[in-house]
Each structure stands twice: as structure tokens, then as C-alpha cells.
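Student: Got a structure here, written out as C-alpha cells. Questions coming.
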Amino acid sequence: MADVRSIRIRRFKVIEDVALDLAPAIVLVGANNAGKSSILQALHFATSVAQSARLAAGPNWQGDVYGVGFRPEQLIYTPTAEFWAVGFKGRHGERRDTWINVEIEETDGRKCLVAVGPVRNGNVSLRIEGRELGERIQDISRPYTVYAPGLAGIARSEQSLSQGVIRRTVARGDANLVLRNVLLWLFNRGEDWAQFQNDLRELFPGISLRVEFNDVADEHIRVNFRKGDVDSWLPLDCAGTSVLQAIQVLTYITLFKPTAFSTR
Numbered sequence: 004m005a006d007v008r009s010i011r012i013r014r015f016k017v018i019e020d021v022a023l024d025l026a027p028a029i030v031l032v033g034a035n036n037a038g039k040s041s042i043l044q045a046l047h048f049a050t051s052v053a054q055s056a057r058l059a060a061g062p063n064w065q066g067d068v069y070g071v072g073f074r075p076e077q078l079i080y081t082p083t084a085e086f087w088a089v090g091f092k093g094r095h096g097e098r099r100d101t102w103i104n105v106e107i108e109e110t111d112g113r114k115c116l117v118a119v120g121p122v123r124n125g126n127v128s129l130r131i132e133g134r135e136l137g138e139r140i141q142d143i144s145r146p147y148t149v150y151a152p153g154l155a156g157i158a159r160s161e162q163s164l165s166q167g168v169i170r171r172t173v174a175r176g177d178a179n180l181v182l183r184n185v186l187l188w189l190f191n192r193g194e195d196w197a198q199f200q201n202d203l204r205e206l207f208p209g210i211s212l213r214v215e216f217n218d219v220a221d222e223h224i225r226v227n228f229r230k231g232d233v234d235s236w237l238p239l240d241c242a243g244t245s246v247l248q249a250i251q252v253l254t255y256i257t258l259f260k261p262t263a264f265s266t267r
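So the number in my numbering is just where the residue sits in the sequence shown, counting from 1, plus 3.
The structure is reproduced here in C-alpha cells:
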């Protein structure tokens, strides 16, 4: 799969017009309210709107263009509770020069424009140009982007969830809420689990994770860790923030293999 070569974002939150050339890894540095998080959110927002439309309205491609309308509450992810706060500056209507635009170009030359705007009935209007890349972005079974917010800790327990719920939660950007579920999913994929553990030990030598769940008898997923050859295993929520953040990042990259991964 090709990498993202460049993105251009227009009219999203504080961003009026920004174009970025991307390397395989990029670090955004700046003062508070400079727009760092907005750039990450814009890419994930565009993916989420495209996926939401596919779930709400089905395939609706007309040649190289996809266009539908749907309700704001059908959005999988928006970076604010109030959808209209992400852009538009209070402008409603069909004028596309007021819409949020996110353009994506991959290293193989494929391009896609995701344009999102409000219409007077309060619905979301979406237009995607570039079918080959657009259909891939819409595929929630293989998330195109994963956005992991800053992690200060995780819940003390997690009930087992279906893969459909997990995918939607990941698509919303709530990666830390289903971390144990994703670890269980990864644990059941032997080679990927081994790769994940090896990658984690590159950062934290000697660390091991253990995942336990019986779908007949258990309600909650148990994940424990230990360092080195000590006999005692500790619950995952006892791990330090840096370990949890590394586990989260590596887990989602290994399991979903997204084209773009962003974290704060």
C-alpha cells in the first residue's frame, strides 16, 4: 500500500489553508493553539466522514464522484461535540467554497478530495472526488487512519466487544477505550502478536504482556504485564503512561496497518 505523500486542509477549525508534504514519520512542533492537533484531526475527520457516509448511504459513486447527505448524529467521529464548530464559520448552503476540504495524495500518484459542508436542513453534505483512493478511505474494515489522543491512563476493566464495535470506536478516535479488546484481537493473530511483542521490547527491553479471556465464562478481558524474569504479573492499568502509550501505538499499527497513524 502506498504512503501519504501530501495533504492540503482548507477551512477546518483554526486552519484556513495549509499544505503539508509528509515523510514516513513527521513531528509537528508549535505553540499552544497553533493548529497541530487540528492538522491531525482534519485527516482523521475526512476519513471518518467518508466512512460514515458509506455506512449511512451505501455505495453511491457516479463515475469518479461520490455525493450524499446524512445527519450529523450519524458521524462516527467529529473532534468536537458540536459538528458545526469544526468549520464553515456559520455559513450554510451549497457554496462549496465555504466547505471543509481535505485533499490527500499518495506516493503512487493517487489523489482524493473530501469536501464536507452543511446544508440548510441541518444535514451534512459530502462530496468525494477520486474513486480509487476514495473507496479505500471509506473501507472501515481496514482503517485508513488511526488517531490516538494523548493517553493519561486506561479504564480499570473492559467488557468484551464485537469487532464491529471495536472498529467504530477506533474510527471515532477513542483508541484507549478499547485497548484490551484490541490486544485480545491481536493476541488471537499469532504472528502479529509475536511481531508486536518484539517491537515493544525494542522500546522496553524485557517487557512481556499476557492476555486472558474465556468467551464462555468471562465478562472482562484480563491483560497483565511484567518486566524481565520476575514471577509477578501486574494489571495493565498499573503500567506507566509511556508504556501504555507505546502499547497503544504499536497495537493499532500492528493490527490495522493504517496508511496514516497520528498521535499526540
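Quick reminder that beta carbons are idealized off the backbone N, C-alpha and C, glycines included.
Provide the residue span of the beta strand (DSSP E) that contains Ala-151, from first to last.
Tutor: Residues 148 to 151.
Student: Could you tell me how far apart the beta carbons of Thr-172 and Ala-263 are, in whole angstroms, since I believe they sit closer than 8 angstroms?
Tutor: Thr-172 to Ala-263, Cβ: 18 angstroms. No contact.
Student: Can you look up Gly-93 in the DSSP assignment and give me helix, strand or coil?
Tutor: Because Gly-93 carries a pLDDT of 49, less than 50, the predicted location of this residue cannot be relied on, and the following value inherits that uncertainty. If DSSP states are grouped into helix, strand and coil, Gly-93 belongs with the helices.
Student: Taking the straight line between their C-alpha atoms, what separation do you get for Pro-82 and Ala-178?
Tutor: The straight-line gap from Cα to Cα measures roughly 14 angstroms.
Student: When you compare only the Cα positions, how much space is there between Ile-250 and Arg-123?
Tutor: Rounded to whole angstroms, Ile-250 to Arg-123 spans 44 angstroms at the Cα level.
Student: Quick check: the segment 49 to 56 against the segment 67 to 76, are at least 3 beta-carbon pairs closer than 8 angstroms?
Tutor: A contact exists between the segment 67 to 76 and the segment 49 to 56.
Student: Could you tell me the distance, in whole angstroms, from the CA atom of Leu-25 to the CA atom of Asn-191?
Tutor: Going by the C-alpha atoms only, they are around 33 angstroms apart.
Student: Name the DSSP bridge partner or partners of Gly-120?
Tutor: Paired residue(s): Ser-128.
Student: For the beta strand (DSSP E) that contains Gly-72, what are its first and last residues?
Tutor: Counting along the chain, the beta strand (DSSP E) containing Gly-72 begins and ends at 68 to 73.
Student: Just tell me which of Leu-253, Pro-27 and Ile-29 has its CA closest to the CA of Asp-195.
Tutor: Closest by alpha carbon: Leu-253.
Student: What are the partner residues of Val-214, as DSSP defines its beta bridges?
Tutor: Per DSSP, Val-226.
Student: Who are the near neighbours of Ile-212 in its chain, counting only those whose CB is closer than 6 angstroms to its CB and skipping five residues on each side?
Tutor: It should be noted that the sequence gives Leu, not Ile, for residue 212. The answer, listed in chain order, is Phe-228.
Student: Roughly how many whole angstroms lie between the Cα atoms of Ile-29 and Gly-120?
Tutor: Going from the Cα of Ile-29 to the Cα of Gly-120 covers about 29 angstroms.
Student: Classify His-47 as buried or exposed, calling it buried when 16 or more other Cβ atoms lie within 10 Å of its own Cβ.
Tutor: Label assigned to His-47: buried.
Student: With a 10 Å radius around its C-beta and 16 neighbouring C-beta atoms as the bar for buried, classify Ile-12 as buried or exposed.
Tutor: Label assigned to Ile-12: buried.
Student: Can you give me the C-alpha to C-alpha distance between Leu-78 and Gly-61, rounded to a whole angstrom?
Tutor: About 14 angstroms.
Student: Between the beta-carbon of Tyr-80 and the beta-carbon of Val-185, is there less than 9 angstroms?
Tutor: No, these two residues do not count as a Cβ contact at 9 angstroms.
Student: Would a C-beta distance cut-off of 9 angstroms place Ile-157 and Leu-247 closer than the cut-off?
Tutor: Closer than 9 angstroms, so yes.
Student: Which same chain residues, not among the five before or five after Gly-231, have their C-beta less than 7 angstroms away from its C-beta?
Tutor: Hits under 7 angstroms: Gly-209.
Student: With DSSP collapsed to three states, give me the class of Ser-9.
Tutor: Note: Ser-9 maps to strand in three-state DSSP.
Student: Suppose you measure from the CA of Ile-140 to the CA of Asp-202; what does that come to, to the nearest Å?
Tutor: In a straight line, the C-alpha of Ile-140 is about 27 angstroms away from that of Asp-202.
Student: When we look at the beta-carbon of Gln-166 and count the other beta-carbons within 10 Å, is it buried (16 or more) or exposed?
Tutor: So Gln-166 ends up on the exposed side.
Student: Would you call the CB atoms of Leu-45 and Ile-103 closer than 9 angstroms?
Tutor: The question names Leu, yet the displayed sequence has Ala at residue 45. Yes, they are a contact pair.
Student: Could you compute how far the alpha carbon of Cys-115 sits from the alpha carbon of Ala-242?
Tutor: Going by the C-alpha atoms only, they are around 40 angstroms apart.
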